[in-house]
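Peer 1:
Residue numbers (the numbering used here): 35 to 267.
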């Protein structure tokens, strides 16, 4: 598969930044969405080093106007091959009787509604692409079957909802040749995962890119780990 064009959200740090690094290194081009482009110093350096193959855009996944502006900017370029909905927040945690519902609503806006809104807005650009792949970075914490610990209400609920949204997208878009999947990146040493996590971003992203590259039509609508193992709903 030759060089492709990607759109990646939450690209200023962690997994998003590592996706940008690895994809640029192999010759792909990227439109990166970040909350504060002026503060994304590492992305700015990568953009200068790669001769314009990386474009940096402002993107707030909880803001409809910001999502539409990002999609409009991306849609003006070459056909878009792959969308990686990576941006996410953990939200405030607590016991059932102490949940912060305002924070939960904000978490839904970023983790669930944001990817839905952005995918819909980018469909025209994705339809012009050849790969037609839509990747949602969710989490095994959104798996009902694997939930044996409880807690993390906002994060678990919004990721489970995103998995259902992915399945709906798959059923709606598969007839157009789209491959839509959810992916669990593992427990990774990022700002969200913390330093105690066993997995480095380089390993996680290397595995996810390998899975994305190998996706076939029959993989659409499924939930994979970064190692390519299918996870339970």
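Heads up, the beta-carbon is just placed ideally off N, CA and C, and yes, glycines get one too.
Alpha carbon to alpha carbon, how far is residue 85 from residue 207?
Peer 2: So the alpha carbons of these two residues sit roughly 34 Å apart.
Peer 1: Curious, which full-length alpha helix (DSSP H) runs of at least 4 residues does the stretch 116–199 contain?
Peer 2: You should have 135–142, 148–161.
Peer 1: Cα separation between residue 166 and residue 131?
Peer 2: Cα-Cα distance, rounded: 43 Å.
Peer 1: Strictly by DSSP, which residues pair up with residue 43?
Peer 2: 67, per the DSSP bridge assignment.
Peer 1: Out of 252, 194, 203, 128, which has the shortest C-alpha to C-alpha gap to residue 218?
Peer 2: Considering only alpha carbons, the answer is 194.
Peer 1: Taking buried to mean at least 16 other C-beta atoms within 10 Å of its own C-beta, is residue 61 buried or exposed?
Peer 2: Answer is exposed; the Cβ neighbour count stays below 16.
Peer 1: Output yes or no for whether 8 Å exceeds the beta carbon distance between residue 152 and residue 95.
Peer 2: Yes; because the gap between Cβ atoms is below 8 Å, this pair is in contact.
Peer 1: Determine the extent of the alpha helix (DSSP H) in which residue 96 is found, giving its start and end residues.
Peer 2: Here residue 96 belongs to no alpha helix (DSSP H), and DSSP marks it neither H nor E.
Peer 1: Near residue 174, which residues of its chain fall below 6 Å by C-beta distance, leaving aside the five closest residues on each side in sequence?
Peer 2: If we look at residue 174 and ignore the five residues flanking it on each side, its Cβ neighbours are 180, 218, 265.
Peer 1: Give me the Cα-Cα distance between residue 221 and residue 232, rounded to the nearest whole angstrom.
Peer 2: Roughly 7 Å separates the two Cα atoms.
Peer 1: Can you tell me whether residue 135 is buried or exposed? The criterion is at least 16 other CB atoms within 10 Å of its CB, across all chains shown.
Peer 2: The residue in question, residue 135, is exposed, as its Cβ has fewer than 16 Cβ neighbours within 10 Å.
Peer 1: What residues in its chain sit with their C-beta under 7 Å from that of residue 239, if we drop five residues either side in the sequence?
Peer 2: If we look at residue 239 and ignore the five residues flanking it on each side, its Cβ neighbours are 49, 52, 53, 56.
Peer 1: Taking the alpha-carbon positions, what's the residue 171 to residue 229 distance?
Peer 2: Answer to the nearest angstrom: the Cα atoms are 20 Å apart.
Peer 1: Curious, which full-length beta strand (DSSP E) runs of at least 3 residues does the stretch 201–248 contain?
Peer 2: Within the stretch 201–248, the complete beta strand (DSSP E) runs of at least 3 residues are 213–218.
Peer 1: In angstroms, rounded to a whole number, what distance separates the CA positions of residue 37 and residue 223?
Peer 2: Distance between the alpha carbons of residue 37 and residue 223: 29 Å.
Peer 1: Run through DSSP, which three-state label would residue 261 get?
Peer 2: The answer is coil: DSSP assigns residue 261 none of H, G, I, E or B.
Peer 1: So, does the stretch 99–115 touch the stretch 60–80, judging by three or more C-beta pairs under 8 Å?
Peer 2: Yes, since at least three Cβ pairs between the stretch 99–115 and the stretch 60–80 fall closer than 8 Å, the two stretches touch.
Peer 1: Report the rounded CA-to-CA distance for residue 248 versus residue 140, giving the unit in angstroms.
Peer 2: Cα to Cα, the separation comes out at about 34 Å.
Peer 1: Smallest Cα separation from residue 145: which of 81, 47, 124?
Peer 2: Among 81, 47, 124, the Cα nearest to that of residue 145 belongs to 124.
Peer 1: Rounded to whole angstroms, how far is the Cβ of residue 117 from the Cβ of residue 168, which I believe are closer than 8 Å?
Peer 2: 5 Å between Cβ atoms; contact.
Peer 1: In whole angstroms, give me the CA-to-CA distance for residue 214 and residue 176.
Peer 2: Computed Cα separation, rounded: 17 Å.
Peer 1: Hey, out of 92, 88, 76, 79, whose CA is closest to residue 69's CA?
Peer 2: With distances taken between Cα atoms, residue 69 lies closest to 92.
Peer 1: Given residue 143, which residues of its chain have a CB within under 6 Å of its CB, disregarding the five upstream and five downstream residues?
Peer 2: 96.
Peer 1: Just to confirm before moving on: does the CB-CB distance between residue 188 and residue 147 stay below 8 Å?
Peer 2: No, these two residues do not count as a Cβ contact at 8 Å.
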